[in-house]
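J.:
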Amino acid sequence: MARKLYDKYKRKYFMNFIFCVNEKFGENIVKTIIDPTESGNIGRYINHSCEPNCKLYTIRINNEVPKLCIFACKDINESEEICFDYGENISTDTPLDYKDRVACLCGKPTCRKYLPYDKNSFN
Numbered sequence: 002m003a004r005k006l007y008d009k010y011k012r013k014y015f016m017n018f019i020f021c022v023n024e025k026f027g028e029n030i031v032k033t034i035i036d037p038t039e040s041g042n043i044g045r046y047i048n049h050s051c052e053p054n055c056k057l058y059t060i061r062i063n064n065e066v067p068k069l070c071i072f073a074c075k076d077i078n079e080s081e082e083i084c085f086d087y088g089e090n091i092s093t094d095t096p097l098d099y100k101d102r103v104a105c106l107c108g109k110p111t112c113r114k115y116l117p118y119d120k121n122s123f124n
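Numbered by this note's numbering, the letters in the sequence shown go through residues 2 to 124 in order.
What follows is the structure, given as structure tokens:
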């Protein structure tokens, strides 16, 4: 079902909340597609930064479906935005497909200029 919604939203440029977790287990990759568009929690509003103050981890507790947990990786000030890197292991250096990429607006000195995007994530 999540895959069908992804295809529908992709056509409508409505990818605001779709999230694909790619977990590597040895040679295998387990993909979990999360769609909190209509039902989710406050986590769907956490933005990307090239210098994040949080990290995302998958946790499994008596279930094959992971829980996504966000942990601070440094002290966060009272008025500071909570953010994580949408794809810290995904390269943004390749000029291919720039026309399809979303500009990064984090404004950090190490900004990669585009949001991480792996066109194979949902395949």
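Note that CB positions come from ideal geometry on N, CA and C, so glycine has one too.
Just list the residues that DSSP pairs K32 with in beta bridges.
T.: Answer is N23, bridged to K32.
J.: Short of 6 Å in beta carbon distance, which residues of its chain neighbour C51, apart from the five on each side in sequence? Order them along the chain.
T.: So the list reads C107, K109, T111, C112, R113, once near-sequence residues are dropped.
J.: Using a threshold of 8 Å, state whether the C-beta atoms of N54 and E81 are closer than that.
T.: Yes.
J.: Going by the CB atoms, is the gap between T38 and V22 shorter than 8 Å?
T.: Against a cut-off of 8 Å, the Cβ pair of T38 and V22 comes out as no contact.
J.: Between which residues of its own chain and C84 is the CB-CB distance below 7 Å, once the five residues before and five after are set aside?
T.: Around C84: I47, N48, H49, S50, P53, N54, C55.
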